[in-house]
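Student: I'd like to ask some things about the structure below.
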Amino acid sequence: MTVRWERRQVSPQRIESLADSISSHPLLRSRRALSELLASLLIVRGIDLPEAASRFLSPSLNDLHSPYQMMGMRAAIERLEMAIERGQTTLIYGDYDVDGTSAVVILKTAIELCGGTADFHVPHRIREGYDLRGDVIERAAEAGIRLVISVDAGTRAFAAAESARRAGVDLIITDHHLPGPCGLPPAYAVVNPNQPGCEYPAKTLCAAGIALKLAQALLARRCPHRDQSQLLLSFMKIAAIATIADSVPLVGENRVIVSLGLNALRSAVNPGLKAMLEVAQLGGKPLTSEEVAFRIAPRINAAGRMDIARDVIELFSVKDSTQAKEIAVRLDRLNGERQEEERRIVNAIEQRLAEDACLRNAFCMVIDGAGWHRGVIGITAKRIVERYGRPVLVVSTDEQEAHGSGRSIPGFHLLEALESCESLFTRYGGHAQAVGFSLPPARISELQRRLDTYARARLTPADFESLIQIDAELSIEGITPELFAIVRLLEPFGAGNPEPVFCSRDLRLIRAPKIVKDKHVRLTLGGNGDTASGWRRSLTQSAIGWRLAERVAEARLLPGDRMNIAFTLDCNEHPEFGGLELSIKDFELGLRVQSAQSAS
């Protein structure tokens, strides 16, 4: 995949103005250059006013919106209060991923804190599939349930809503997925910021974020004697994990949830949460969004992908630390199985793509395989998108039905693509960047043809290039711990708030590259060699190239070679070679030294 670097441009006047307003920050006093750099980083992220910059750099609970700005919230809270007062058990029906299970935990805990009783149902990914099922609601009604609340599901569940109506069950739908062309199912209340007519400012909340807003409103009504700030922060720990895992934009209210939630995770008291942090080797330390995304979320997701997602709810519900540790270890084992299955499917796909040029060159790839684990195809699709830079749908087939999951690239709305051929599906849903669906296996070739035609009308080969946006160019002496401290003010990083990427040019390779775990590479880089007698030549920086070992080997780098690098800043906590470290995103070769072999 071709990689293109593009320097972000900001007018000096805008930088100057914002730098003046933020220069009083303790880390910026008497450091004008750093103030201007931070100002430019904020501006390219859409933060160009002093008040907005202050909120962005110092999120607080005061930045949360009133839950009642969300359409359907008041009706939902009133019905929940009625259930609590009448002693009715509320059934929470959630999805099986991190977002859905986290939302179940949040809402179940909030109802129980308020004196209510809550049960839950998380569907089995393989046996039941995504979204509400009418038969589950009907069985709940037979057991005496009169209130069902969906989380992370239901926006397109018309049949299930009709089943609830017939069974005399009040259905409250809480979801963040986009409504379909037929509008919304008939329900007691729909709490979804993306429904028509809802003026809630934060449209990109995940399901756990919406559950947090319900909890915020319910706790304020039912527990006014409790410290609301502490209650909210305790729920934000779980909501932060889900928000990161669901890859929603980390701006606005999402940024508040994640920033405050990550900070609160440093003092986790829930036995399940503590056990999960220990298994992931993250206990007792400040967490970044990257650590949550790569070390916590996959372990939680593994339950729904490989087995039964109710283990996640059990993990965060148990009070006994020994039992919590057993569940956390089981989730860790499942995650290992998930990784192995993912590798197997990715290898099979890579072989198919190597053999099939038409498939490899499709503008929207649809790749099917018999018996592929349905719990893993979504993350597999993401891996292929990262490798080839184009929309990908991975489909697991059996004799009766095919189940697929898709991931997209910026600028290509995958749900709209599926809607263009909706007659092929037995069911489908999702949003711009991720979808799920099922269809008869005989229709897969037609799906391939129609989606490729649809994509070719909207994409060009340039859309498949990987774009690295450079925030600033730095000399080697400008890469300092002080700069790293400034960059960390922008955390948490994620969708909508990308980690700043810098570039440095004409750096020298000090010693031969060192391969790490077969696929990564460690480099030691120095400043411009033209100042051989100056202090700049003695400066060096440690750098790590994740998954760049193959490219570095192909480049045949030798000590003394010069290169341009695009990188992010990191801090290696290794006791032997810790400290400030450059994480290389891409590199370009410059002046090469002549090897002894070529000289001869």
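One gets the working numbering by counting positions in the sequence shown from 1 and adding 186 to each.
The beta-carbon is built from N, C-alpha and C at its ideal position, and this holds for glycine as well.
Note that the structure is a prediction, hence the values are computed from the model and not measured.
(1) Considering only the alpha carbon of each residue, which of G713, D518, R215, V465 lies closest to R491?
(2) How far does the alpha helix (DSSP H) with Q525 in it extend, from its first residue to its last?
(3) Can you have a look at N440 and say buried or exposed, based on whether 16 or more other CB atoms are within 10 angstroms of its CB?
(4) So, with DSSP's three-state summary, where would you put R733?
(5) Which residue or residues does DSSP assign as beta-bridge partners of L709?
(6) Run through the segment 342 to 370 for me and flag every whole beta strand (DSSP E) of 3 or more residues, listed as ranges in chain order.
(7) Sorted by chain position, which residues of the same chain lie with C-beta nearer than 7 Å to L419's C-beta, five sequence neighbours on each side aside?
(8) Mark A312 as exposed unless 16 or more other C-beta atoms lie within 10 angstroms of its C-beta, in which case mark it buried.
(9) Can you grab the Cα-Cα spacing for the pair A375 / A393, in whole Å?
(10) D432 and V284 look like a contact to me (Cβ under 8 Å); what is the Cβ gap, rounded to whole Å?
(11) Does DSSP put K771 in a helix, a strand or coil?
(12) Hey, how far is the Cα of L220 from the Cα of F344?
(13) Along the chain, where does the beta strand (DSSP E) that runs through L448 open and close?
(14) Name the DSSP bridge partner or partners of G590?
(15) Can you check whether the CB of D747 is closer than 7 Å to the CB of L695?
(16) Among G564, T612, D249, which one has its Cα closest to the Cα of V437?
(17) Just list the residues that DSSP pairs W191 with in beta bridges.
(18) What residue ranges within the segment 626 to 686 form continuous alpha helix (DSSP H) runs of no fewer than 4 residues, ordered along the chain?
(19) Quick one: residues in its chain with C-beta nearer than 7 Å to the C-beta of M749, no 5 flanking neighbours on either side, listed in chain order?
(20) Would the segment 591 to 605 and the segment 635 to 644 be scored as touching if the rule is three or more Cβ pairs under 8 Å?
(21) Can you tell me whether I233 is helix, strand or coil according to DSSP?
(22) Spatial neighbours of G330 within its chain, please: CB distance less than 8 Å, with the 5 preceding and 5 following residues excluded, ordered by chain position.
(23) Using a 10 Å radius around the Cβ and a threshold of 16 neighbouring Cβ atoms, would you call Q416 buried or exposed?
(24) At the level of alpha carbons, what is the spacing between I427 and R778?
(25) With distance defined between alpha-carbon atoms, name the residue in P626, R576, L755, I297 nearest to D584.
(26) With three or more C-beta pairs closer than 8 Å as the rule, is the segment 249 to 261 touching the segment 302 to 319?
(27) Going by other Cβ atoms of all chains shown within 10 Å of its Cβ, with 16 needed for buried, is D554 buried or exposed?
(28) Considering only heavy atoms of the ligand COA, does any lie closer than 6 Å to the CB of D506?
(29) Can you list, in chain order, the residues of its chain whose CB lies under 7 Å from that of R200, leaving out five sequence neighbours each side?
(30) Can you tell me where the alpha helix (DSSP H) with Y574 in it begins and where it stops?
(31) Just the C-alpha distance for P410 and I424, rounded to the nearest angstrom, thanks.
(32) Do A397 and A289 have their beta-carbon atoms positioned less than 7 Å apart in this structure?
(33) Sorted by chain position, which residues of the same chain lie with C-beta nearer than 6 Å to C550's C-beta, five sequence neighbours on each side aside?
(34) For the beta strand (DSSP E) holding F688, just list the boundary residues, first then last.
(35) Taking the CB atoms as reference points, tell me whether V673 and L755 lie closer together than 7 Å.
(36) Grouping DSSP H, G and I as helix and E and B as strand, with all else coil, what is Y254?
Tutor: Checking against the coordinates, here is how it stands:
(1) For this step, residue 491 is matched to residue 305 along the sequence shown. Scanning G713, D518, R215, V465 for the CA closest to the CA of R491 turns up D518.
(2) Position 339 of the sequence shown, counted from the start, is the residue given in the question as residue 525. DSSP places Q525 inside the alpha helix (DSSP H), whose first and last residues are 507 to 541.
(3) Within the sequence shown, numbered from 1, the residue matching residue 440 stands at position 254. The residue in question, N440, is buried, as its Cβ has 16 or more Cβ neighbours within 10 Å.
(4) Position 547 of the sequence shown, counting from 1, holds the residue named residue 733. Coil.
(5) For this step, residue 709 is matched to residue 523 along the sequence shown. DSSP lists A729 as partners of L709.
(6) Entirely contained in the segment 342 to 370, the beta strand (DSSP E) runs reaching 3 residues are, in chain order, 356 to 360.
(7) Locating residue 419 in the sequence shown gives position 233, where the first residue counts as 1. By the criterion of a C-beta distance shorter than 7 Å, L419 is surrounded in its chain by L446, A450, once the five residues flanking it on both sides are discounted.
(8) Along the sequence shown, one-based indexing puts residue 312 at 126. Reading the sequence as shown, one finds Ile at residue 312 and not Ala. I312 is exposed by the Cβ-count criterion.
(9) Indexing the sequence shown from 1 puts residue 375 at position 189. Indexing the sequence shown from 1 puts residue 393 at position 207. Straight-line Cα distance between these residues: approximately 16 Å.
(10) Taking the first residue of the sequence shown as position 1, residue 432 is located at position 246. Taking the first residue of the sequence shown as position 1, residue 284 is located at position 98. That belief holds up - the Cβ atoms of D432 and V284 are roughly 7 Å apart, short of 8 Å.
(11) Numbered from 1 along the sequence shown, position 585 holds the residue referred to as residue 771. Strand.
(12) Translated into positions along the sequence shown, residue 220 becomes position 34. Translated into positions along the sequence shown, residue 344 becomes position 158. Spanning the two alpha carbons is a distance of roughly 54 Å.
(13) Within the sequence shown, the letter at position 262 stands for residue 448. For L448, there is no enclosing beta strand (DSSP E); the residue is found in the alpha helix (DSSP H) stretching over 438 to 450.
(14) As a first step, residue 590 must be located in the sequence shown, where it is residue number 404. In the DSSP secondary-structure assignment, G590 is bridged to V581, F623.
(15) In the sequence shown, the residue the question calls residue 695 occupies position 509. In the sequence shown, the residue the question calls residue 747 occupies position 561. Less than 7 Å separates the beta-carbon of L695 from that of D747.
(16) The count along the sequence shown starts at 1 and reaches residue 437 at position 251. The shortest C-alpha separation from V437 is found at D249.
(17) Your numbering for residue 191 matches position 5 in the sequence shown. According to DSSP, which records beta bridges pairwise, W191 is partnered with I654.
(18) Counting only runs of 4 or more, we get 630 to 642, 667 to 674.
(19) For the purposes of this step, residue 749 is identified with residue 563 of the sequence shown, where counting begins at 1. Within the same chain, M749 has close Cβ partners L693, L695, F773, E774, L775, G776.
(20) Touching, yes, given that three or more Cβ pairs across the two stretches are closer than 8 Å.
(21) Reading the sequence shown from its first residue, position 47 is the one you call residue 233. Three-state DSSP puts I233 in coil, outside helix and strand.
(22) Translated into the one-based positions of the sequence shown, residue 330 becomes position 144. Hits under 8 Å: T275.
(23) Residue numbering aside, residue 416 sits at position 230 when the sequence shown is read from its first letter. Looking at its Cβ environment, which holds fewer than 16 other Cβ atoms inside 10 Å, Q416 is exposed.
(24) Taking the sequence shown and counting its residues from 1, one reaches residue 427 at position 241. Taking the sequence shown and counting its residues from 1, one reaches residue 778 at position 592. Near 45 Å, if we compare the C-alpha coordinates of R778 and I427.
(25) Within the sequence shown, numbered from 1, the residue matching residue 584 stands at position 398. Nearest Cα to D584 within the set P626, R576, L755, I297: P626.
(26) No, they do not touch.
(27) By 1-based counting over the sequence shown, the position of residue 554 is 368. Classification for D554: buried.
(28) The model depicted lacks the ligand COA and carries no ligand whatsoever.
(29) Taking the sequence shown and counting its residues from 1, one reaches residue 200 at position 14. I229, D234.
(30) Position 388 of the sequence shown, counted from the start, is the residue given in the question as residue 574. Start and end: 563 to 574.
(31) Taking the sequence shown and counting its residues from 1, the one referred to as residue 410 is at position 224. Taking the sequence shown and counting its residues from 1, the one referred to as residue 424 is at position 238. If I take the Cα positions, the gap works out to 22 Å.
(32) Counting from 1 along the sequence shown, the entry for residue 289 is found at position 103. Counting from 1 along the sequence shown, the entry for residue 397 is found at position 211. The answer is yes: Cβ separation under 7 Å.
(33) Walking along the sequence shown from the start, residue 550 turns up at place 364. So the qualifying residues of the chain are P577, L637, D638, A641.
(34) Position 502 of the sequence shown, counting from 1, holds the residue named residue 688. DSSP places F688 in the uninterrupted beta strand (DSSP E) bounded by 688 to 695.
(35) Taking the first residue of the sequence shown as position 1, residue 673 is located at position 487. Taking the first residue of the sequence shown as position 1, residue 755 is located at position 569. Result yes, Cβ atoms of V673 and L755 sit closer than 7 Å.
(36) If you number the sequence shown from 1, residue 254 lands on position 68. Note: Y254 maps to helix in three-state DSSP.
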